[in-house]
Every structure is written in C-alpha cells, then in structure tokens.
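Asker: Counting in the numbering used here, the sequence shown runs from 11 upward without gaps. Here a beta-carbon is modelled for each residue, glycine too, at the ideal position from N, C-alpha and C.
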Amino acid sequence: MAKGFKGKYFSLAAITATVSMIQLQAIAASVEVQKVVVSASKYEEPLDDVTDDVTIISAEDIEEQGLRTLKEALEYVSGVNVVSNGGVGKATSLYLRGLANDKVLILIDGVRYNDPSNISGPSIEHLLLNNVERIEIIKGAQSGIWGSDAASGVINIVTSKERTKRVSALVGSFATKNIEGVYTDRRENLFYSLALSYYDTNGFSAITPYNEDPTDFEADGYTNKSGQLKLGYLFDDGCLEIGSHLIDAENEADGYNPQTYAPDPNSKNDDEFKYYAYYLNGTYALASHTLSLHADTTKTKRKFLDTTWGVNRFEGKTSNIELKDRFDYSFGLLQGGIGYQNFKSEYSEVGGKSGDVSYDNGYAYLTNKNRFGNLLLTQNLRYDDFDKFNNQWTGKVGLKYTFKEGALFANWGRAYNVPNQIKMINPWGVSNFDLGPEKTTSWDIGIEAYGLKAVYFEERVKDLINWFDPNPDNWGDEYYVNYDGTSKFKGVELSYRQALTDTIFAKVGFTYLDPKDPDGNYIPRRAKTKYSYSFTWYPTDVHTINIDGYYVGKRWDDAAKRIKTGSYNVTNLTASHRFAKRFKGYVQIKNIFDRRYQEVYGYGSTPRSYYVGIEASF
Numbered sequence: 011m012a013k014g015f016k017g018k019y020f021s022l023a024a025i026t027a028t029v030s031m032i033q034l035q036a037i038a039a040s041v042e043v044q045k046v047v048v049s050a051s052k053y054e055e056p057l058d059d060v061t062d063d064v065t066i067i068s069a070e071d072i073e074e075q076g077l078r079t080l081k082e083a084l085e086y087v088s089g090v091n092v093v094s095n096g097g098v099g100k101a102t103s104l105y106l107r108g109l110a111n112d113k114v115l116i117l118i119d120g121v122r123y124n125d126p127s128n129i130s131g132p133s134i135e136h137l138l139l140n141n142v143e144r145i146e147i148i149k150g151a152q153s154g155i156w157g158s159d160a161a162s163g164v165i166n167i168v169t170s171k172e173r174t175k176r177v178s179a180l181v182g183s184f185a186t187k188n189i190e191g192v193y194t195d196r197r198e199n200l201f202y203s204l205a206l207s208y209y210d211t212n213g214f215s216a217i218t219p220y221n222e223d224p225t226d227f228e229a230d231g232y233t234n235k236s237g238q239l240k241l242g243y244l245f246d247d248g249c250l251e252i253g254s255h256l257i258d259a260e261n262e263a264d265g266y267n268p269q270t271y272a273p274d275p276n277s278k279n280d281d282e283f284k285y286y287a288y289y290l291n292g293t294y295a296l297a298s299h300t301l302s303l304h305a306d307t308t309k310t311k312r313k314f315l316d317t318t319w320g321v322n323r324f325e326g327k328t329s330n331i332e333l334k335d336r337f338d339y340s341f342g343l344l345q346g347g348i349g350y351q352n353f354k355s356e357y358s359e360v361g362g363k364s365g366d367v368s369y370d371n372g373y374a375y376l377t378n379k380n381r382f383g384n385l386l387l388t389q390n391l392r393y394d395d396f397d398k399f400n401n402q403w404t405g406k407v408g409l410k411y412t413f414k415e416g417a418l419f420a421n422w423g424r425a426y427n428v429p430n431q432i433k434m435i436n437p438w439g440v441s442n443f444d445l446g447p448e449k450t451t452s453w454d455i456g457i458e459a460y461g462l463k464a465v466y467f468e469e470r471v472k473d474l475i476n477w478f479d480p481n482p483d484n485w486g487d488e489y490y491v492n493y494d495g496t497s498k499f500k501g502v503e504l505s506y507r508q509a510l511t512d513t514i515f516a517k518v519g520f521t522y523l524d525p526k527d528p529d530g531n532y533i534p535r536r537a538k539t540k541y542s543y544s545f546t547w548y549p550t551d552v553h554t555i556n557i558d559g560y561y562v563g564k565r566w567d568d569a570a571k572r573i574k575t576g577s578y579n580v581t582n583l584t585a586s587h588r589f590a591k592r593f594k595g596y597v598q599i600k601n602i603f604d605r606r607y608q609e610v611y612g613y614g615s616t617p618r619s620y621y622v623g624i625e626a627s628f
C-alpha cells in the first residue's frame, strides 16, 4: 500500500492510478480520521481545534524518511535548529525558535523527560524512534498548561497503541546494528504493549579538527537499549493504564589533552545514561464531565567514567500527580486541574564530596475554549505555588478563524523557567540559592491554506540565568546569576505539505531567525536561515523512494562571529520494497554527497554512510 499517503489530506482521485480498489478503501478510511494532538491542552482533540502553531511528525514520515532518532526528525521542522557534538548519542542541543535546550519541555506519552540535574536541558541524543505513532511539536510559551521548562514549547513523543507484531533489523556503516521488536495486542477490554530496541555503532571521532575527516581518528561508539511497556483496561465509561519507559545508554566521547587542555580526538571522556519513567493514567466519563487522574515518577542517572577530578555523577528525580476535570457545554469546554510536583537533584565528585537540592510546587490551571461559527477562542491560566521561589502566574490566549481551504491564527503567552537545581548548587564554584525564574513572553500570528503555512513569531526572555566570573584571576569564585535585560528572538517560519502529482508528495520548510542578547549581539549556534525538503515518490504500490535533506545558512559558533559553522547542505536517500505481504526491505544513504561540515566547531558530523534493513510484521 502507498502508505505515505495515509493521514495526509488530498484528493482520492489523484492516486487511483497506482493502487487497487481494496487499497483505496483502506486509504479512504484513514483520511476520515482527523489528526489529534494531546499536548496543547492535555487531552485528545482534533488539530483543527488547536490555535497554537503545531507540527506533527507522523509514523509514516518516520518510516518513509528512515528517521531513527529525535534529532533526525527535528531537522525537518521549521523553527528548529539542532546541533550535536559528534554523531549519534553525542551531546545535542535543540533550539526551538532560538531558545536554548533547557527551555523546551520534552514528554514521552505525557511524562516528563527533562532532567532537573542537567544544566543543559533534556538529553535528546538518547531518544530513538521505535514504536512512535507521532511526534507533536507545540511552539510558543506553554507554561499556562505545562508549567516550568515549556517557555519555547512542548515536544510530546506519543508511542503507538496500534495492534501489531513487528520485528526489524538494520546494519550499516561504522558497524552499526539496530534491532527492534514491537508486540501490541488486545484481548477484549485488556490491552498491552511491549517495545524493545537495541542500537549499537562504532561511530566516528567526536572531536575532529575543522575540515578534516572524522574517520581518520579514534572512533567513538554508542550503545542504546530502550524499552516501553503498557498495560491497560477499558471500562464502559473509562480506562485505566499503567506504563514504563526505560533507556540505558553507553557513550564514548573525547576529552582534552591533560597537558595543553586542547581538545584531543584520541582522548577518552565516556559516559553512561539511564532513564526510568513509570506512570498511571485513569479516566472516567460522567455525563458532561471527563475526570482524569495522572501520576508519574522519573529518575535520570548520568555517570562520567573517565573523570579524574570534580563531578562524575548526577542524578535527577521528578514526581507528579494531577487530577483534572473536563466539562463540555453547548458552545465550548472548560477544563480545570490541580496537581503536585517534586524535583530533586544529586551530584557526587571523584573525591567523595556530594550535594543535593530539592523543591516542590502545587499548581492549579484552568482552560476554556469556545467556538462561534468559524471562530475559535482559547484561554489558559495557571498558578504555581513554590516552596523555594516566588509563586508564578502564567497563561496564554489564542484565536483561530477557519475558512474553506485554511485558517488564520494568533497566540500570546507567558512562561517561566525555574532555576536549574545544579546551577543553584554549582559544584564548580559558589552556590547561589537566590536565583530567580527566567520569564518569557511570546506571540505569533500565522496563516495556513492549500498546504502552505506561514508564521511570524517573537520571543522575549527576561532575567536570563548565566555564568558569572567576578574575578578571572581567581578560580572557584564563579557562580550563576540572573542577568538584567531582555533577550529577543524573532523570525519567520514557512512550511508546505502537498501532493505534487499522483505519485509524489512534497514537504518543504524554511526558517528565518534573528536571535539577540540584551546588548543586541548575535547569540551563537543559531542558524540565520535554514531550508528543509523531503520528496517521496511512490512508483508502485510496493515501492517507496524518498530524497530529503536540509540546508543550513549562516551560523557562527561564537558571539563575535569569527568561527563559522553554517552554509552547507546534507542530502539523504531512502528506498523501500515490500517484497512479500509481511516483509519489507529498505536501503538508505546518509549524506549522499559526502559533505564535510561541523554543527559545533571542533566536532565531526556524519560522513557518507550506507544502511540496509528488513522488517517483518505478523
């Protein structure tokens, strides 16, 4: 089946030349199903009922483009820049609308992935895409719904509940091996799912001198073992579900020469990463009300194996419990929720010194939505009561006017980021427990029609937390402070998704970004312009060929604009062939033209590489 058309909006007449009547019926059924997005308001709703600027990466997008990591998937989202210190599994930073990694909230099935002990934000380098139904990217300030860490937006990875029994295996360059298995089924009212993934690669050198081949130096490998488990029961008026997500990763990286302190591609700075998440969801429908209970707990462990002094271990813990009620009335809905969160971070040093810090907050929020004909209005308000910081009011408002072929929309919101716990302790210098939250205001306005979406946005961040050295001649007196002034991020996003012919589907994106600090200086590692493209061709009902890539425009690694890392294009090719009813093979070439580039100065990026795989479903 030409699976690439599933869930995309197009005329069925356009594909009658390539599929059978049975396949047409299957596609027609899929077109009737509206895309849903749960992150915008914490409940499932049609995308048409969301005012926010939303991008959805579907399971079909992931399959057709051969995407294996979250980083790869986000490269094709307008408004997103992603940079890594090397290949798969190496430290990765995400910039959503220019804001840094620690200002985006990442969720897996609605459970927090952000680690309170990581000063750089969530470790997105460890997120593989096994058994993913869709990835939702909600842009703009979202603290009015989700609280802290959602200043630039929310990324929710939704795993699949679709009945399937599937195994796949991939091998390729750098001795890469990837084995995945999914078993999801249902017995009357009982449903259950198990997904396992094993990824291993020898990789290439993380630290690489500029414009040199990363394969000429010592290889830095990576291993990732991930698992998902779900178990649930459907009642007449509700549902109860428990689940777990586990990640166990081992990463080889480079460090510095102990004599010169210069980056050394042949040195060792290996680390281990472990993430454990457990959750419970319960819903019960009563007349016009839908009551929901959610509880989760997470633990993240990071250990640096080759550290000879200073901090070598971090551990972050979070817990959350929330009760909410959604009430549907004649021309809208009202949802209210209350909850409690706890965050704790610990660290230890090589010499035995250790420390920890924790805080908690109670919160309450209210969401109201009204539809008056073609006009949709949304309002959100949230209050957070902290034991260690000033309490916070946040919120957002949005409107959307739909017409026959599209919609106009606009949003305004306020958000905040509480200080990172390790930044407060600061094991590398002086502690500062008087740090205050960073405050963000954002707004956007956009139009979408005929597959094209255009958005203008602005983000303003006050009281930005940064490193401060009062005396460069002294070591150990540094600490983190709230800087005065406002950092400003503004730009334009364009995206286009449409069937060009009977057998070709196109996705094109463009981003223009102008990031400035309070003094009006450029903020490093954000590309001024970025283009992305993906063209999928369905020559027959058993073949799919995809060519995709992205062009990164001007980008500098430093505020003075002396070290340039931008101005390059990366193109990839993925082809698949369903050679039997339940079997599919595929091949992939990454970086076809072997473009040598660096996302972060001094760190290598993937050279031309080849992969082949097979998938069996039962």
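1. In whole angstroms, give me the CA-to-CA distance for Gly-292 and Glu-251.
2. Under 8 Å, with one C-beta from each stretch per pair, do the stretch 395-403 and the stretch 427-446 reach the 3-pair mark?
3. Measure the CB-CB distance between Ile-72 and Val-168 and report whether it falls below 8 Å.
4. Given a cut-off of 8 Å on the beta-carbon distance, is the pair Ala-626 and Arg-605 in contact?
5. Beta-carbon within less than 7 Å of Leu-139's beta-carbon, same chain only, minus the 5 sequence neighbours each way: which residues are those?
6. To the nearest angstrom, report how far apart Lys-313 and Glu-135 are at their CA atoms.
7. With respect to the beta strand (DSSP E) encompassing Gly-150, which residues constitute its N-terminal and C-terminal limits?
8. By Cβ distance below 7 Å, which residues in the same chain neighbour Thr-211 in space, the five residues on each side in sequence not counted?
9. Which residues bound the beta strand (DSSP E) around Gln-75?
10. If we count the other Cβ atoms within 10 Å of its Cβ and call it buried at 16 or more, is Asn-601 buried or exposed?
11. For the alpha helix (DSSP H) that contains Lys-433, what are its first and last residues?
12. Report the three-state DSSP secondary structure of Ser-40 (helix, strand or coil).
13. Taking all protein chains shown into account, decide if Lys-379 is buried (16 or more other Cβ within 10 angstroms of its Cβ) or exposed.
14. Classify Ile-116 as helix, strand or coil using the three-state DSSP reduction.
15. In terms of DSSP beta bridges, what is Phe-643 paired with?
16. Looking at the unbroken beta strand (DSSP E) that takes in Leu-84, where does it start and where does it end?
17. Using the C-alpha atoms, what's the distance from Leu-106 back to Asn-91?
18. Arg-639: buried (16+ other C-beta within 10 angstroms of its C-beta) or exposed?
19. Is it right to say Thr-511 is buried, meaning 16 or more other beta carbons lie within 10 angstroms of its own, or is it exposed?
20. If you compare alpha carbons, which of Thr-581, Ala-417, Val-465 and Glu-488 is closest to Leu-57?
21. In this structure, how does DSSP classify Ala-50 when only helix, strand and coil are distinguished?
22. Kindly provide the ranges of any beta strand (DSSP E) runs that are 3 or more residues long and lie completely inside the stretch 517-605, ordered along the chain.
23. Per DSSP, which one or two residues make a beta bridge with Phe-382?
24. For the pair the stretch 119-136 and the stretch 213-227, tell me if three or more CB-CB distances fall below 8 Å.
25. Flag this pair as yes or no: are the beta carbons of Ser-277 and Ile-257 separated by less than 8 Å?
26. What does a CB cutoff of less than 8 Å around Asp-479 pick up in its chain, not counting 5 residues either side in sequence?
27. In chain order, what residues of the same chain have a beta carbon less than 7 Å from the beta carbon of Met-434, not counting five sequence neighbours either side?
28. Taking the Cβ atom as the reference point for each residue, do Glu-458 and Gly-108 lie within a distance shorter than 8 Å?
Answerer: Per the coordinate set shown:
1. Here residue 292 is taken as the residue at index 282 of the sequence shown, counted from 1. Here residue 251 is taken as the residue at index 241 of the sequence shown, counted from 1. Our two residues, Gly-292 and Glu-251, have alpha carbons roughly 6 Å apart in a direct line.
2. Here the stretch 395-403 makes contact with the stretch 427-446; the two share three or more CB pairs at distances below 8 Å.
3. Here the question's residue 72 lines up with position 62 in the sequence shown. Here the question's residue 168 lines up with position 158 in the sequence shown. With respect to Val-168, Ile-72 sits apart: the two C-beta atoms are not nearer than 8 Å.
4. On the sequence shown, position 616 is the one that residue 626 refers to. On the sequence shown, position 595 is the one that residue 605 refers to. With contacts defined by Cβ atoms closer than 8 Å, Ala-626 and Arg-605 do not form a contacting pair.
5. Here residue 139 refers to the residue found at position 129 when the sequence shown is read from its first residue. The residues are Ile-72, Leu-77, Arg-78, Thr-79, Leu-80 and Ala-83.
6. The sequence position of residue 313 within the sequence shown is 303, counting from 1. The sequence position of residue 135 within the sequence shown is 125, counting from 1. The alpha-carbon atoms of Lys-313 and Glu-135 are separated by roughly 16 Å.
7. As a first step, residue 150 is located in the sequence shown; it is residue number 140 there, counting from the start. First-last for Gly-150: undefined, no H or E at that position.
8. Reading the sequence shown from its first residue, position 201 is the one you call residue 211. Beyond the five residues adjoining it in sequence on each side, Thr-211 comes within less than 7 Å, by CB distance, of Val-98, Phe-184, Ala-185, Thr-186, Gly-231 and Tyr-232 in the same chain, given in chain order.
9. Here residue 75 is taken as the residue at index 65 of the sequence shown, counted from 1. Note, Gln-75: premise wrong, no beta strand (DSSP E); alpha helix (DSSP H) at 69-75.
10. The count along the sequence shown starts at 1 and reaches residue 601 at position 591. Counting Cβ neighbours within 10 Å, Asn-601 comes out buried, since at least 16 surround it.
11. Position 423 of the sequence shown, counted from the first residue, corresponds to residue 433. Counted as a single uninterrupted DSSP element, the alpha helix (DSSP H) harbouring Lys-433 occupies residues 431-435.
12. As a working mapping, residue 40 is identified with position 30 in the sequence shown. With a pLDDT of 38 at Ser-40, under the threshold of 50, the predicted position of this residue should be treated as unreliable, though the coordinate-derived value follows. Correct three-state label for Ser-40: helix.
13. By 1-based counting over the sequence shown, the position of residue 379 is 369. That one is buried.
14. The sequence position of residue 116 within the sequence shown is 106, counting from 1. In this structure, Ile-116 counts as strand in the three-state DSSP scheme.
15. Because the chain here runs from 11 to 628, residue 643 falls outside it and cannot be looked at.
16. One-based indexing of the sequence shown puts residue 84 at position 74. Premise fails: Leu-84 lies in the alpha helix (DSSP H), 80-84, not in any beta strand (DSSP E).
17. Numbered from its first residue, the sequence shown carries residue 91 at position 81. Numbered from its first residue, the sequence shown carries residue 106 at position 96. Approximately 7 Å, taken between the alpha carbons.
18. With the chain covering 11 to 628 only, the question about residue 639 has no answer from this structure.
19. Sequence index remark: in the sequence shown, residue 511 carries index 501 (1-based). Exposed, since its Cβ has fewer than 16 Cβ neighbours within 10 Å.
20. Locating residue 57 in the sequence shown gives position 47, counting from the first residue. Considering only alpha carbons, the answer is Ala-417.
21. In the sequence shown, residue 50 corresponds to position 40, counting from 1. DSSP, reduced to helix, strand and coil, places Ala-50 outside both helices and strands of the structure shown, so it counts as coil.
22. Listed in chain order, the complete beta strand (DSSP E) runs (minimum 3 residues) inside the stretch 517-605 are 539-550, 553-562, 578-590 and 593-600.
23. As a first step, residue 382 is located in the sequence shown; it is residue number 372 there, counting from the start. Note: Phe-382 sits in a beta bridge opposite Leu-385.
24. Verdict: no, contact absent.
25. The sequence position of residue 277 within the sequence shown is 267, counting from 1. The sequence position of residue 257 within the sequence shown is 247, counting from 1. Not a contact, by the Cβ cut-off of 8 Å.
26. As a working mapping, residue 479 is identified with position 469 in the sequence shown. Closer than 8 Å at the Cβ level, and outside the excluded window around Asp-479, lie Asp-487 and Glu-488.
27. Your numbering for residue 434 matches position 424 in the sequence shown. Only Val-367, Ser-441, Asn-442, Phe-443 and Leu-445 meet the Cβ criterion.
28. Taking the sequence shown and counting its residues from 1, the one referred to as residue 458 is at position 448. Taking the sequence shown and counting its residues from 1, the one referred to as residue 108 is at position 98. Result no, Cβ atoms of Glu-458 and Gly-108 do not sit closer than 8 Å.
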